[in-house]
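Inspection log for the structure reproduced underneath, given as structure tokens.
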Amino acid sequence: MPAFRPRHLCSMAAALVLTVAAPATAASAASAADTDSATPLREVMFVGNNWDGTADVVRSSGDFAKVGRLDVIPDKDRRMAEINADPIKWIYFMAIRNGVGEGHDQFVDDMYSTPDGRSVVVSRPSFADVVSIDLATGGINWRFPVSGYRSDHMAVSPDGSRVAVSASTSNTVHVLDIGTGRQLGSFTTGDKPHENIFTKDGKYIWNMSIGDVTTSLDDPAWDWTKGDRHITVVDATTYKRVRTIDMRQRLDAFGLKDFSDAVRPAVFSPDESTFYFQVSFFNGFFEYDVAGDRITRMKTLPKNPATSEDRTTWVNDSRHHGLSMNPDGTELCVAGTMDDYATVVDRATLQEGPLIPASKPYWATVSGDGKDCVISESGADQITAIDFATGRKVTSVAVGDHPQRVRLGHVQADWTGPSAG
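Set out below in structure tokens:
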């Protein structure tokens, strides 16, 4: 196990939420396909720099070299004027800054490009909205204020025509037309919706709610105070609930009554028969049999000796936050957020590989070619690629202040940044 650099962890908490989207209409899907076929596109990765209010655009594989940078808060002065004129908005804005923001504003959480590679849609927690930004000019195409006072994770429909955003404080997911920003539907979740995952056929959305992660009542004895946490499975066309999964019952049946049932980042196996997920306060993850409706395996990963065991110092009640799987479904990649490492885990044996030191890794995704796991090191302002096959570090690339979400997307083939930026 490699040596770790001691790091002071500030006490903080906040509600992280997730988002969903639903299938497009035939007309919008056809329009997107026509545009894609006529315009040369380039696959890239968007890296959201939360405290900067920027998104770095890098190559999707290989050396992950920078392609360009985008300002995602070009309307900052106008938004701040609105917040300063409304006492309630101002209170929530300052609560985000002094809580989950660790003294910083949260200007970008999640982002997805449009199918034609001409715009990127961004959720902005501190501004409680979603905006579409023109990649050529840097200007705003449309803006959608979410219900409540904070926006967070997003997801895009399999055909790329719809985007959804979670509204943290209203337990609501809004589904929007990615081209116009018009709301197409919405649905309610448990307390503080977090990640959403579409089934690959686009028929269902799995939504995970994590409850109240802003309190210091982190002892297992007080777990009941965290709120209603469950997985909500909805029809991706009607947004009607078709199933509810309470992991409290499944964890209890597995003999883990003291474990939190707040499901954090999660990933399906390629055939979607198995579901892997992280929970609050745990350095590891679980395996869940979808058809059998039961937890089948648990993987505990090493603790960093330098990490405080005081749960109130762990960001948003998490210990590990970030989980991805290679396209073949043979390897999992885990971001050990509070333990300052990332590692690749063999799915068959659950044996972890080398622990790659990383500074507060906040997310884990897969490179465009499927060869590498890409993590965001929010504490070092860089992204790092780890080879799925060897578990070894490939490269690190500097980005902006406090990178969090990293998403694959597309830009015009000759794009290097907004002309006005």
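Numbering (the working numbering), first residue to last: 1143 to 1563. Even for Gly, the Cβ is constructed at its ideal location relative to N, Cα and C. Note that the structure is a prediction, hence the values are computed from the model and not measured.
In chain order, which beta strand (DSSP E) runs of at least 3 residues are fully inside the stretch 1480-1521?
-> Inside the stretch 1480-1521, DSSP marks whole beta strand (DSSP E) runs of 3 or more residues at positions 1483-1488, 1503-1508, 1514-1519, from first to last along the chain.
Tell me P1087's beta-bridge partners as DSSP assigns them.
-> The structure shown does not extend to residue 1087, since the chain is modelled only from 1143 to 1563, so the question has no answer here.
Beta-carbon gap between S1265 and L1550 smaller than 8 Å = By 1-based counting over the sequence shown, the position of residue 1265 is 123. By 1-based counting over the sequence shown, the position of residue 1550 is 408. Contact: no.
Only counting runs of 4 or more residues, tell me where the alpha helix (DSSP H) segments fall wholly within the stretch 1268-1297, in order along the chain.
-> Correct list: empty.
Cβ of A1404 within 8 Å of Cβ of D1459?
-> Taking the first residue of the sequence shown as position 1, residue 1404 is located at position 262. Taking the first residue of the sequence shown as position 1, residue 1459 is located at position 317. Yes, Cβ-Cβ distance for A1404 and D1459 is below 8 Å.
By how many angstroms is the C-alpha of G1353 removed from the C-alpha of L1318?
-> Sequence index remark: in the sequence shown, residue 1318 carries index 176 (1-based). Sequence index remark: in the sequence shown, residue 1353 carries index 211 (1-based). In this model, L1318 and G1353 are separated by some 24 Å (Cα to Cα).
Residue environment, V1200, which counts as buried when at least 16 other CB atoms sit within 10 Å = Reading the sequence shown from its first residue, position 58 is the one you call residue 1200. The residue in question, V1200, is buried, as its Cβ has 16 or more Cβ neighbours within 10 Å.
Take every Cβ of the stretch 1325-1338, pair it with every Cβ of the stretch 1396-1415, and state whether three or more of those distances are shorter than 8 Å.
-> Touching, per the Cβ criterion.
Tell me where the alpha helix (DSSP H) around R1549 begins and ends.
-> Here residue 1549 refers to the residue found at position 407 when the sequence shown is read from its first residue. Taken as a continuous stretch (DSSP letters only), R1549 belongs to no alpha helix (DSSP H), being part of the beta strand (DSSP E) at 1545-1554.
The alpha helix (DSSP H) with R1461 in it runs from where to where?
-> Along the sequence shown, one-based indexing puts residue 1461 at 319. Neither: R1461 is in no alpha helix (DSSP H) and is coded neither H nor E.
Would you say P1216 and G1323 are within 8 Å of each other, going by their C-beta atoms?
-> Position 74 of the sequence shown, counting from 1, holds the residue named residue 1216. Position 181 of the sequence shown, counting from 1, holds the residue named residue 1323. Contact flag unset, no.
Check D1365 in the structure and name its three-state DSSP category.
-> Here residue 1365 corresponds to residue number 223 of the sequence shown, with the count starting at 1. If DSSP states are grouped into helix, strand and coil, D1365 belongs with the helices.
Flag this pair as touching only if the stretch 1513-1526 and the stretch 1539-1548 have three or more C-beta atom pairs under 8 Å; answer yes or no.
-> The answer is yes - the stretch 1539-1548 touches the stretch 1513-1526, with three or more Cβ pairs under 8 Å.
Using DSSP with H/G/I as helix, E/B as strand and the rest coil, what is K1445?
-> Position 303 of the sequence shown, counting from 1, holds the residue named residue 1445. In the structure shown, K1445 falls within a coil segment according to DSSP collapsed to helix, strand and coil.
Could you check the C-alpha separation between V1250 and K1441 for me, to the nearest Å?
-> Stepping through the sequence shown from its first residue, residue 1250 is reached at position 108. Stepping through the sequence shown from its first residue, residue 1441 is reached at position 299. Looking at the backbone, the Cα of V1250 and that of K1441 are separated by about 32 Å.
Within 8 Å, strictly: CB atoms of S1289 and S1312 | For the purposes of this step, residue 1289 is identified with residue 147 of the sequence shown, where counting begins at 1. For the purposes of this step, residue 1312 is identified with residue 170 of the sequence shown, where counting begins at 1. Cβ atoms of S1289 and S1312: closer than 8 Å.
Measure the C-alpha to C-alpha separation of V1508 and S1518 and round it to an integer number of angstroms.
-> To locate residue 1508, count along the sequence shown from 1; it is residue 366. To locate residue 1518, count along the sequence shown from 1; it is residue 376. Each residue's Cα considered, the two are about 12 Å apart.
From the DSSP output, in three-state form, read off T1256 for me.
-> As a working mapping, residue 1256 is identified with position 114 in the sequence shown. If DSSP states are grouped into helix, strand and coil, T1256 belongs with coil.
DSSP state of P1335, grouped into three classes?
-> Looking up residue 1335 in the sequence shown gives position 193. Judged by DSSP in its simplified three-state form, P1335 adopts strand.
Enumerate in chain order the residues of its own chain whose CB-to-CB distance from N1226 is below 7 Å, with the five nearest sequence positions on each side excluded.
-> In the sequence shown, residue 1226 corresponds to position 84, counting from 1. For N1226, where only same-chain residues beyond five positions count, the Cβ hits under 7 Å are W1232.
Three-state secondary structure assigned by DSSP to A1174 = In the sequence shown, the residue the question calls residue 1174 occupies position 32. Per-residue confidence for A1174 stands at a pLDDT of 43, beneath the threshold of 50, marking its modelled position as unreliable; the derived number appears in the next sentence. A1174 sits in a helix when the DSSP states are folded into three classes.
For A1433, the three-state DSSP class (helix, strand or coil) = Here the question's residue 1433 lines up with position 291 in the sequence shown. The three-state reading of DSSP puts A1433 in coil, since its state is none of H, G, I, E or B.
Under a three-way DSSP split, which group does L1212 fall into?
-> Along the sequence shown, read from residue 1 onward, the residue named residue 1212 stands at position 70. Three-state result, L1212: strand.
Between P1267 and T1357, what straight-line distance do the alpha-carbon atoms span, to the nearest angstrom?
-> Counted from its first residue, the sequence shown places residue 1267 at position 125. Counted from its first residue, the sequence shown places residue 1357 at position 215. Rounded to the nearest whole angstrom, the C-alpha separation of P1267 and T1357 is 19 Å.
Are R1371 and G1332 close, meaning C-beta to C-beta below 8 Å?
-> Counted from its first residue, the sequence shown places residue 1371 at position 229. Counted from its first residue, the sequence shown places residue 1332 at position 190. For R1371 and G1332, yes; Cβs fall inside 8 Å.
Environment of T1386 [buried if 16+ CB atoms lie within 10 Å] = The count along the sequence shown starts at 1 and reaches residue 1386 at position 244. By the beta-carbon neighbour count (other beta carbons within 10 angstroms, threshold 16), T1386 is exposed.
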